[in-house]
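Visitor:
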Amino acid sequence: MTEIRFLHIADLHLDSPFKGISSIPQSKWKEIRESTFHAFTNIIEYAVENKPDFVLIVGDIYDGENRSLRAQALFQKGMEALQAKGIPVFICYGNHDHLSGKWVRFLLPDNVQVFGEKVETKTLNIKGEKVHISGFSYKERHVLEGMHSHYPVANGQHIHIGMLHGSVEGNMEHDVYAPFRKNDLIAKGYNYWALGHIHKRQTLHNDPPIVYPGNTQSRHRNEQGLKGFYDVTLTENNATLQFVPSSAFIYDEVEVSCEGIVHANELINLMEQSLNSYREANGNAIVELTLTDISEETSELIQASSKEEWLSLIQESLEMDHTFIIVKELHVNLPNMERKESNMLLEMMEEWETAEWKHVLKDLYRHPKGSRYLPAIDEQFMDETMQEAKEILSKVVTRGE
Numbered sequence: 000m001t002e003i004r005f006l007h008i009a010d011l012h013l014d015s016p017f018k019g020i021s022s023i024p025q026s027k028w029k030e031i032r033e034s035t036f037h038a039f040t041n042i043i044e045y046a047v048e049n050k051p052d053f054v055l056i057v058g059d060i061y062d063g064e065n066r067s068l069r070a071q072a073l074f075q076k077g078m079e080a081l082q083a084k085g086i087p088v089f090i091c092y093g094n095h096d097h098l099s100g101k102w103v104r105f106l107l108p109d110n111v112q113v114f115g116e117k118v119e120t121k122t123l124n125i126k127g128e129k130v131h132i133s134g135f136s137y138k139e140r141h142v143l144e145g146m147h148s149h150y151p152v153a154n155g156q157h158i159h160i161g162m163l164h165g166s167v168e169g170n171m172e173h174d175v176y177a178p179f180r181k182n183d184l185i186a187k188g189y190n191y192w193a194l195g196h197i198h199k200r201q202t203l204h205n206d207p208p209i210v211y212p213g214n215t216q217s218r219h220r221n222e223q224g225l226k227g228f229y230d231v232t233l234t235e236n237n238a239t240l241q242f243v244p245s246s247a248f249i250y251d252e253v254e255v256s257c258e259g260i261v262h263a264n265e266l267i268n269l270m271e272q273s274l275n276s277y278r279e280a281n282g283n284a285i286v287e288l289t290l291t292d293i294s295e296e297t298s299e300l301i302q303a304s305s306k307e308e309w310l311s312l313i314q315e316s317l318e319m320d321h322t323f324i325i326v327k328e329l330h331v332n333l334p335n336m337e338r339k340e341s342n343m344l345l346e347m348m349e350e351w352e353t354a355e356w357k358h359v360l361k362d363l364y365r366h367p368k369g370s371r372y373l374p375a376i377d378e379q380f381m382d383e384t385m386q387e388a389k390e391i392l393s394k395v396v397t398r399g400e
């Protein structure tokens with residue numbers, strides 16, 4: 000087999016709306032909303048510079064069935080840039096950008112081949128070697144049929160690649176479309192399965208490779224870590240996959256130990272230094288910052304101001320540095336304080352007399368409809384309620400630790 004090289008890309012979600020950015024400084028909103036476009040531009044620049052034999056884009060190029068004019072114009076320019084370098088592109092549309100959507104039509108350049116709603120095979124010649132690429136585009140958003148059954152079995156004489164936007168049958172982490180089982184794909188005898196739809200990068204099988212590259216840009220806290228695509232080299236007996244990051248930024252979680260911190264300026268400097276060190280090592284990021292190892296003295300310092308005020312302060316400080324690292328949320332681990340407060344509450348409840356129980360619960364017992372279903376406030380009621388309170392508070396404290 001002649002060595003061939005291609006890019007395996009999926010789930011660009013161009014023009015995706017971002018969720019949960021209200022707590023982020025407004026000055027950064029534009030950069031965030033543009034990030035799927037920046038990731039796409041990074042991919043095109045990589046392809047132009049490295050000149051693979053061809054490019055595969057396995058579904059969900061656009062985030063919605065009504066593809067925005069701007070997203071399509073950007074994609075068109077990217078395809079034209081690849082055409083100028085003589086790089087063929089094969090694309091299939093997924094559940095987000097299915098063929099039944101309504102959009103302004105663009106005529107893609109001649110180097111781009113698009114799969115229709117039925118499984119079909121397209122062939123190209125690379126260095127005298129025939130490469131057969133099979134795939135399909137979603138006719139509508141919900142494709143529940145196991146489309147793998149329509150893919151032809153490889154004849155073993157040439158290179159066979161399958162493009163499939165779908166998920167493993169029974170997957171509970173994502174909507175299941177075009178379901179398949181791993182053995183279903185192995186049985187086809189292909190050299191490589193280029194998958195899309197699942198945004199987590201993963202390899203389901205090594206020989207042959209059955210691969211999800213993940214999406215190309217993180218869009219919310221559940222899509223953490225590096226995002227990108229694969230640069231794949233196939234030879235007769237081997238497949239080499241090189242992951243290439245494309246993200247404009249990543250989502251992540253950062254922990255900062257506050258051991259020995261007793262003054263506000265120390266805490267601010269510590270957070271700034273930790274976050275800048277993280278950015279130098281990992282690049283641009285939106286993070287959830289968690290403060291750990293908090294003594295009672297440090298806890299009093301932190302609780303002297305609201306968490307919102309601390310968050311605003313660190314956001315402003317980072318913005319002044321003109322770096323793209325954004326603290327989206329601030330978490331403070333106070334397990335010792337939680338236990339202390341829980342014990343104080345239980346001790347106070349144990350000292351209540353019947354009259355105090357009635358005073359605390361008076362609004363509940365005065366409810367015109369609900370009160371008829373409530374038990375009398377007696378010794379048994381107070382004992383059972385105390386036991387339930389202990390169990391609930393114990394779970395809260397344990398979770399915090």
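For the sequence shown, numbering that gives the first Met the number 0 gives the first residue as 0, with consecutive numbering after it.
Glycine included, every Cβ here is placed at the ideal spot set by N, Cα and C.
Bear in mind that the values here come from a model prediction, so they are computed numbers and not experimental data.
For Tyr92 and Met162, I'd like the C-alpha separation in whole angstroms.
Guide: When rounded, the distance between both Cα atoms is 11 Å.
Visitor: Nearest to Tyr189 by CA position, among Leu233, Gly165 and His12, is which residue?
Guide: When each option's Cα is compared against that of Tyr189, the closest is Leu233.
Visitor: State the start and end residues of the unbroken alpha helix (DSSP H) segment that holds Val261.
Guide: Counting along the chain, Val261 falls outside any alpha helix (DSSP H), and DSSP gives it neither H nor E.
Visitor: For Ile313 and Met319, I'd like the C-alpha separation in whole angstroms.
Guide: Approximately 10 Å, taken between the alpha carbons.
Visitor: Using 8 Å for Cβ pairs, my map puts His173 next to Ile197. What's the rounded Cβ distance?
Guide: Right, the Cβ-Cβ distance comes to about 6 Å (below 8 Å), so this counts as a contact.
Visitor: Tell me, please, which residues DSSP counts as bridged to Ser133.
Guide: DSSP lists Thr120 and Gly161 as partners of Ser133.
Visitor: Could you tell me the boundaries of the beta strand (DSSP E) in which Gly227 lies?
Guide: Element bounds for Gly227: Gly227 to Leu233.
Visitor: Would you call Gln71 buried or exposed, if buried means 16 or more other Cβ atoms sit within 10 Å of its Cβ?
Guide: Looking at its Cβ environment, which holds 16 or more other Cβ atoms inside 10 Å, Gln71 is buried.
Visitor: Thr35: buried (16+ other C-beta within 10 angstroms of its C-beta) or exposed?
Guide: With 16 or more other Cβ atoms within 10 Å, it is buried.
Visitor: Less than 7 Å between C-beta atoms, sequence neighbours within five positions excluded: which residues of the same chain meet that for Ala388?
Guide: Closer than 7 Å at Cβ, skipping near neighbours: Leu345 and Met348.
Visitor: Which same chain residues, not among the five before or five after His147, have their C-beta less than 7 Å away from its C-beta?
Guide: The answer, listed in chain order, is Leu163, Phe179, Asp183 and Leu184.
Visitor: I'd like the list of long-range same chain contacts for Ile249, defined as Cβ closer than 8 Å, with 5 residues on each side in sequence excluded.
Guide: Ser217, Gln223, Gly224, Leu225, Lys226, Asn281, Gly282, Asn283, Ala284 and Ile285.
Visitor: Under the three-state reduction of DSSP, which class applies to Gln241: helix, strand or coil?
Guide: DSSP places Gln241 in strand when its eight states are reduced to three.
Visitor: Hey, could you find the ends of the alpha helix (DSSP H) Gln314 is sitting in?
Guide: It spans Lys306 to Met319 - the alpha helix (DSSP H) in which Gln314 sits, taken as one unbroken run.
Visitor: To the nearest angstrom, how far is it from the Cα of His429 to the Cα of Leu288?
Guide: This structure cannot settle anything about residue 429, because the visible part of the chain is limited to 0 through 400.
Visitor: For Asn94, tell me which candidate among Glu299, Arg4, Trp102 and Ile60 has the shortest Cα-Cα distance.
Guide: Ranking Glu299, Arg4, Trp102 and Ile60 by Cα distance to Asn94 puts Ile60 first.
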